[in-house]
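A.B. asks:
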Amino acid sequence: FAVAPLYLADRELGVLIADNAITRSPIDLTNLRLLQIYAQAASSAVQNTRLYRELMERIVVGEQVNLTLRESQHHLLRAERLSTIGKMAALLAHEIRTPLASIGGFGRRMLRSAPPEDPRREEMEIIVSEVRRLERLVDEVLGYSRISKSEFKSTDINSLIRSVMVTMQEELQRGSIRLALNLDSRLPNAEVDEAQLRQALMNLISNAIEAMSSGGTLTLTTSFDEKYCEIGVTDTGVGINKEHWDKLFTPFFTTKTTGTGLGLAIVSQVINNHGGSLRFESVPMKGTSFHIRLALHPEHLLQAEALPEGNSLS
Ligand code: ADP
Ligand code: MG
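Here it is in structure tokens:
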């Protein structure tokens, strides 16, 4: 038999073995030459195939890199645009706040001093409640640009909830919404940033009220175990469309014509600042329930813990 090497410039590929088991004729020099030529052709065919495969692989990788690059460029542009819009919104909200406070203040004063039979009372009520809505919007925008440093203090969450509800009383009445408070009176104080938590609760409650445009029940609950407390905000409103579930907490995501889309983004930031978790359940046309879970003491913040079932964000 005869052996011819298969090789490339930089490495060997193997060997080609030819024998005369069938022909039985002697292997002469011409046969060897032929085998050598054949081996060379085979080597370069192998080489070409290999190069071709490598090229194709690189093209695929290149295309992927290109795609990723284009995507991140897109994200970057969007982030930059959002940040500019955010700064403008914060500036605008700040400017609107002071005159709005005067309008609201005078409006409330006029309403208080107007006799019950005054025909303009209804219009004054509209001014007052619309100003309140604007004030909340302004607070949401400012709140979003402000949440940075947290100040944790021992806080009675039940009282906090009650005081938030006092400020929202008027809206509940206007919307024919019944309030059910299921607050566990044994709830211990929790270490929280009161202003932030107040804002988060107001945002959840506003959403709940807005989801019940033709009336309903708003239920607020508190409960606790050894380490955590939980606050629930439940409405009997329109519910959240499943296809919106993963976008809810994205800044500026809104399905409302006059929404800011910042409410839930703020809630999620506040919960993050507290190392807590948030989950929700929603059934279209039945209602929605949001649950905030917070550590009672900051030393539990870092303890890993399995989240309960549901759609959660931690
Ligand atoms: P906004 O209220 O300004 O629209 P949010 O961030 O507060 O912004 O809420 C985002 C969206 O999530 C809302 O537009 C609405 O579609 C949906 N959503 C939030 N809470 C509720 C709720 N309780 N019931 C129904 N839909 C809700
Ligand atoms: Mg909202």
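1395 is the number of the first residue of the sequence shown in this note's numbering; add one for each residue after it. Even for Gly, the Cβ is constructed at its ideal location relative to N, Cα and C.
1) Where does G1704 land, buried or exposed, given buried means 16+ other C-beta within 10 angstroms?
2) Roughly how many whole angstroms lie between the Cα atoms of M1606 and E1564?
3) What's the call for D1587, buried or exposed, on a 16-neighbour Cβ count within 10 Å?
4) Excluding the 5 residues flanking H1685 on each side, which residues of the same chain have their C-beta closer than 6 Å to its C-beta?
5) Since I1571 and I1603 should fall inside the 8 Å C-beta cutoff, what is the C-beta to C-beta distance between them, to a whole number of angstroms?
6) Compare the beta carbon distance of I1660 and A1589 with 8 Å and say whether it is the shorter of the two.
7) Among L1407, L1400, N1442, whose alpha-carbon lies nearest the alpha-carbon of Y1713?
8) Can you grab the Cα-Cα spacing for the pair L1470 / M1679, in whole Å?
9) Could you tell me if H1638 is buried or exposed, where buried requires 16 or more neighbouring beta carbons within 10 angstroms of its beta carbon?
10) Can you name, in chain order, every residue of its own chain whose Cβ lies under 6 Å from the Cβ of A1483, other than the five neighbours on each side?
11) Report the three-state DSSP secondary structure of E1699 (helix, strand or coil).
12) For P1513, write down the residues that DSSP places opposite it in a beta bridge.
13) Taking 5 Å as the limit, tell me which residues put their C-beta closer than that to any heavy atom of the ligand MG, in chain order.
14) CB of F1647 to nearest heavy atom of the ligand ADP: below 7 Å?
15) On the three-state DSSP scale, how would you describe V1532?
16) Expressed to the nearest angstrom, what Euclidean distance is found between the alpha-carbon atoms of L1690 and G1609?
C.D. replies: Reading it off the structure:
1) The pLDDT assigned to G1704 is 44, lower than 50, so where the model puts this residue is not dependable; a value taken from the coordinates is nonetheless given after this. Its Cβ having fewer than 16 others within 10 Å, G1704 is exposed.
2) 15 Å
3) buried
4) E1624, G1626, R1673
5) 6 Å
6) no
7) As displayed, the chain neither begins before 1395 nor continues past 1708, which places residue 1713 out of reach and without an answer.
8) 38 Å
9) exposed
10) V1535
11) With a pLDDT of only 43 at E1699, under 50, the local geometry of the prediction cannot be trusted, and no value is derived from it.
12) Bridge partners of P1513: none, in fact.
13) N1601, G1657
14) yes
15) helix
16) 34 Å
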